[in-house]
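Numbering (the UniProt record's numbering), first residue to last: 1 to 298. Each residue gets a CB set at the ideal place from its N, CA and C atoms; glycine is no exception. Predicted, not measured: the structure shown is a model, and the values here were computed from it.
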Ligand code: GDP
């Protein structure tokens, strides 16, 4: 995960080792190299600019730490800035005061929404909840079946349109599912919605209609970490078209450069809630900005 970025940053820090004190020229050169490393990791330019400006300012103002040499000080500053760009504190899921809590998943086709629905259901069940999965992705032919398989694996009921009932209306399925959840005492409803390969007005309209029908407590934007800063335009479109309250990074197990992970929080203003790291239901965890920053710095 983010191996290239880790290597680049560590290479930069190695050059600082042994230096007694950092001159302004040293700080500028280091900042330039960090900037390049971030751009190569496909981090969005506004994020890189803010990151570098902050590092320069802090390194110049160098909090004099008796216990730390200059290289360690720079590492500490970069670590703290990484934590900040990844969201600072760990953000927990928000639950409704009156159950059921409704969690809607939105994102492009292939981003990992349906897989995430299964993972989230399994995880919530493990925390003692009684989730209901809702198949409101009626666009992709296999999505309902895929969710049913995942639901079975997770031991969680799946609410889906009756087979043979025509194409079905995803908004209706989603709103009926809330009633079903109330009747069957489910405290969390996870609604899987349709995506397209690219941003599309019809898909966004459908997602907004589902949102209006179920009034979610969390609207989670699922983004494939492999897409790098292409995630930025998609995230903006979902933020503006549907309104999102949180982000999940999927496919962090792949050869991602880090761009999506390091850009999406800044762009959406919303926290990364979970990380998906594989195809299996258990390849999933709460996202901790500080742990991720430590992993990036190796
Ligand atoms: P959806 O179209 O957004 O519902 O996406 P899917 O959940 O169907 O995922 C698309 C593909 O990505 C599937 O083949 C999944 O098995 C795979 N996938 C989903 N999440 C992950 C992940 O975290 N890591 C890996 N390696 N593959 C994933």
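{"Query": "I need the DSSP call for residue 106, collapsed to helix, strand or coil.", "Result": "strand"}
{"Query": "Give me, in chain order, the residues of the same chain whose beta-carbon lies closer than 7 angstroms to that of residue 235; leave out the 5 immediate sequence neighbours on both sides.", "Result": "221, 223, 264, 267 and 268"}
{"Query": "Could you tell me if the beta carbon of residue 140 falls within a distance shorter than 7 angstroms of some heavy atom in the ligand GDP?", "Result": "yes"}
{"Query": "Please report how far the alpha carbon of residue 127 lies from the alpha carbon of residue 120, in whole angstroms.", "Result": "11 angstroms"}
{"Query": "Use the C-beta contact count for residue 151: other C-beta atoms within 10 angstroms, 16 or more gives buried, fewer gives exposed.", "Result": "buried"}
{"Query": "For residue 299 and residue 134, which I take to be in contact (beta-carbon distance under 8 angstroms), what is that distance rounded to the nearest angstrom?", "Result": "Nothing can be reported for residue 299, as the shown portion of the chain is limited to 1 through 298."}
{"Query": "When DSSP labels each residue in this structure, what does residue 198 get in the three-state scheme?", "Result": "coil"}
{"Query": "Cβ-heavy atom distance between residue 222 and the ligand GDP below 7 angstroms?", "Result": "yes"}
{"Query": "Between residue 28 and residue 19, is the Cβ-Cβ spacing less than 8 angstroms?", "Result": "no"}
{"Query": "So is residue 298 buried or exposed if we call it buried at 16+ other beta carbons inside 10 Å?", "Result": "exposed"}
{"Query": "Looking at residue 281 and residue 85, is the spacing between their C-beta atoms short of 8 angstroms?", "Result": "no"}
{"Query": "By the DSSP assignment, the alpha helix (DSSP H) with residue 77 in it spans what residues?", "Result": "70-85"}
{"Query": "Do the region 190-208 and the region 69-79 meet, that is, are 3 or more Cβ pairs less than 8 angstroms apart?", "Result": "no"}
{"Query": "Tell me where the beta strand (DSSP E) around residue 287 begins and ends.", "Result": "Where residue 287 is concerned, there is no enclosing beta strand (DSSP E), given that its DSSP letter is neither H nor E."}
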